[in-house]
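Going by our numbering, the first residue of the sequence shown is number 2, and it counts up by one from there.
Below you'll find the structure, written out as structure tokens, and then a few comments.
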Amino acid sequence: MPTNLPPDALDKWEEVEAAHTPREKMEKMIEFLKYVPQHKGTLKLRGEIRRKIAVIREDLEDKKRKGTGKSSGGPKLFVEKEGSAQIAILGPTNAGKSSLLQAVTKANVVVSTTNYTTIQPVPGIMDFGDVQFQLVETPAVMEGSGDGRAWGPMTLGVARNADGVLLMVDLSKNPVVQVKLLISELEKSRVLVKKPNGRVEVERRHAGTALRIILVGRLIGCSMKEVEVLLRNYKIHDAIVRISGEVSLEDIEDAIFETTTYKPAVIVANKADLPDAVQNFQLLKKYVNNRIPIVPMSCEKRFGIEVLGKTLIQSLGIIRIYTKEPGSRTDTGRPFALKSGTTIGDLAKNIHKEFVSNFLFAMVWAKRLPFSPKKVGLSFVLDDGDIVEIHTR
Ligand SMILES: Nc1nc2c(ncn2[C@@H]2O[C@H](COP(=O)(O)OP(=O)(O)OP(=O)(O)O)[C@@H](O)[C@H]2O)c(=O)[nH]1
Ligand SMILES: [Mg+2]
């Protein structure tokens with residue numbers, strides 16, 4: 002059920018919506034929290050607002066530090082992104098998270114039989130052909146991580162900020178118990194690894210125009226009128242709200258606070274070299290039932306790395322686009338690693354903004370086209386392996 006906030010909390014939320022700077026937003030959120038009643042129905046909301054405050058605070062401190070050159074020394078809530086995609090490695094203690102980093106990156110990690118060795122996020126770059134993945138090991142997930150226990154907020158914060166997650170389990174123990182734990186702790190902090198049936202996007206405008214609700218899908222258990230009342234209760238009068246798929250009133254409220262997020266996931270079934278691994282792998286496969294891809298691996302014996310790279314590319318929907326200069330015979334060699342659905346316009350923006358403003362047309366070489374090269378415009382949708390030549394004024 003929606004959280005049913007009292008009117009003064011809704012008024013405070015209006016001030017959050019209207020804030021112009023991160024600092025002001027943070028201060029208004031702190032005030033807003035004082036007006037949110039402390040009961041079970043608002044637990045997730047309060048957790049999410051607190052997380053947002055922490056992220057803004059860290060960001061502001063980071064900016065200040067850059068000015069003074071001093072380091073805070075405190076634990077990081079998120080890791081700055083590098084490479085084509087950032088992937089959080091989540092797993093129970095001893096699953097082999099550090100071992101994975103040691104096997105595929107140059108990061109400095111401590112591998113140990115001792116429990117809870119890693120207590121801070123550790124990033125490392127995995128070079129996979131043309132794509133660079135930034136893997137981030139996180140402190141182990143345990144029962145209660147999603148309720149704020151131990152390093153839970155840090156680990157789940159990294160997961161929330163990442164482009165995808167690796168769920169790592171140890172095949173020498175019951176892997177189903179481990180996967181269930183990881184998914185349920187993620188769910189508690191509103192990070193979903195199963196694609197939701199619907200999507201809600203709230204695009205705020207401050208242009209003095211009206212509220213527009215675009216519905217391409219179906220509302221579950223509520224009417225359009227109720228959706229509008231809910232939005233207006235939160236003082237959202239000037240926005241475009243896009244609803245697609247199947248969506249409930251609670252999903253819409255989640256979208257206002259950006260609480261729920263979806264991350265593509267890959268399960269890494271590690272220690273496949275150990276005696277019980279084959280049997281346990283079958284158990285895991287049966288339980289997961291093709292909902293999430295599973296990669297059997299042994300970080301110690303270094304197998305499964307190639308499959309992991311390929312699976313990540315697929316799950317994250319990464320496509321490689323090669324570019325060449327007009328008149329040149331070959332492409333530049335290093336592709337752009339972009340999200341599937343990327344258009345020529347997105348690619349052009351990625352190269353330089355002048356490529357968009359001075360754009361004339363593009364030529365695309367691709368096996369899937371009946372004739373290649375094909376002359377296309379900015380809205381042409383690219384696919385993995387396409388070669389593009391952009392012509393500008
Ligand atoms: N047999 C086998 N042992 C492995 C494999 N990967 C890791 N290990 C062992 O598992 C133990 C734990 O490995 P770590 O990489 O430190 O595990 P972790 O998930 O980083 O653990 P924490 O950071 O302490 O939560 C070490 O003794 C590793 O040598 C594997 O593929 N096969
Ligand atoms: Mg570790």
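We put the CB at the ideal spot given by N, CA and C, even for glycine.
- Contact between residue 169 and residue 271 holds, since their C-beta atoms are separated by about 6 angstroms, short of 8 angstroms.
- Cβ neighbours of residue 201 within its own chain (closer than 6 angstroms, five residues either side excluded): 244, 248, 252, 253 and 256.
- In this structure, the CA atom of residue 44 is about 42 angstroms from the CA atom of residue 307.
- The set of residues with any CB-heavy atom separation to ligand 2 below 5 angstroms comprises, in chain order, 98, 99, 118 and 119.
- Per the C-alpha coordinates, the member of 369, 146, 177 and 192 positioned closest to residue 264 is 192.
- The three-state secondary structure of residue 234, taken from DSSP, is helix.
- For residue 297, no alpha helix (DSSP H) run applies; the uninterrupted beta strand (DSSP E) run containing it begins and ends at 295 to 297, by DSSP.
- Nearest Cα to residue 258 within the set 85, 8, 22 and 33: 33.
- At least 9 angstroms separates the beta-carbon of residue 379 from that of residue 324.
- Assigned with DSSP and collapsed to three states, residue 161 falls in helix.
- Classified as exposed, residue 279 has fewer than 16 neighbouring CB atoms from the shown chains inside 10 Å of its CB.
- Taking a cut-off of 8 angstroms on C-beta distances, the region 225 to 244 does not touch the region 180 to 188, as fewer than three cross pairs fall below it.
- Take the alpha-carbon of residue 22 and the one of residue 241: they are about 22 angstroms apart.
- DSSP places residue 33 outside any beta strand (DSSP E); the residue lies instead in the alpha helix (DSSP H), whose first and last residues are 23 to 36.
- Residue side-chain check: residue 174 keeps its Cβ at 8 angstroms or more from all non-hydrogen atoms of ligand 1.
- Taking a cut-off of 8 angstroms on C-beta distances, the region 155 to 166 touches the region 84 to 100, as three or more cross pairs fall below it.
- In the three-state reduction of the DSSP assignment, residue 265 falls in the coil class, being assigned neither a helical nor a strand state.
- Separation of residue 154 and residue 5 (C-alpha to C-alpha, rounded to the nearest whole angstrom) is 26 angstroms.
- Nearest to residue 52 by C-alpha distance, out of 162, 303, 183 and 41, is 162.
- Judged by the Cβ position, residue 111 qualifies as a neighbour of ligand 1 at the 8 angstroms threshold, a heavy atom of the ligand being closer than this.
- Under the three-state reduction of DSSP output, residue 10 falls in the helix class.
- Between the alpha carbons of residue 312 and residue 339 lies a gap of roughly 16 angstroms.
- Separation of the CB atoms of residue 342 and residue 382 is rounded to 7 angstroms, and the pair is thereby assigned contact status at 8 angstroms.
- Note that the C-beta distance between residue 37 and residue 29 is not below 9 angstroms.
- DSSP, read as helix, strand or coil, puts residue 219 in strand.
- Residue state for residue 140 is assigned as coil, using DSSP reduced to three classes.
- Listed in chain order, the non-local C-beta contacts of residue 293 below 6 angstroms within the same chain comprise 266 and 268, local neighbours out to five positions each way being set aside.
- For residue 362, the enclosing beta strand (DSSP E) covers residues 360 to 366.
- Relative to ligand 1, the nearest heavy atom lies less than 8 angstroms away from the CB of residue 274.
- Only exposed fits residue 65, as fewer than 16 other CB atoms lie within 10 angstroms of its CB.
- Checking the 8 angstroms criterion, the Cβ of residue 157 is out of range of every heavy atom belonging to ligand 1.
- Between residue 119 and residue 93, the CB-CB gap reaches or exceeds 9 angstroms.
- A direct Cα-Cα distance of roughly 6 angstroms separates residue 281 from residue 175.
- CA-to-CA, the gap between residue 209 and residue 11 works out to about 20 angstroms.
- When DSSP assignments are scanned along the region 314 to 382, the uninterrupted stretches of beta strand (DSSP E) that are 3 or more residues long and fall wholly within it turn out to be 319 to 324, 337 to 340, 360 to 366 and 375 to 377.
- Around the Cβ of residue 287, a 10 Å sphere holds fewer than 16 other Cβ atoms; the residue is exposed.
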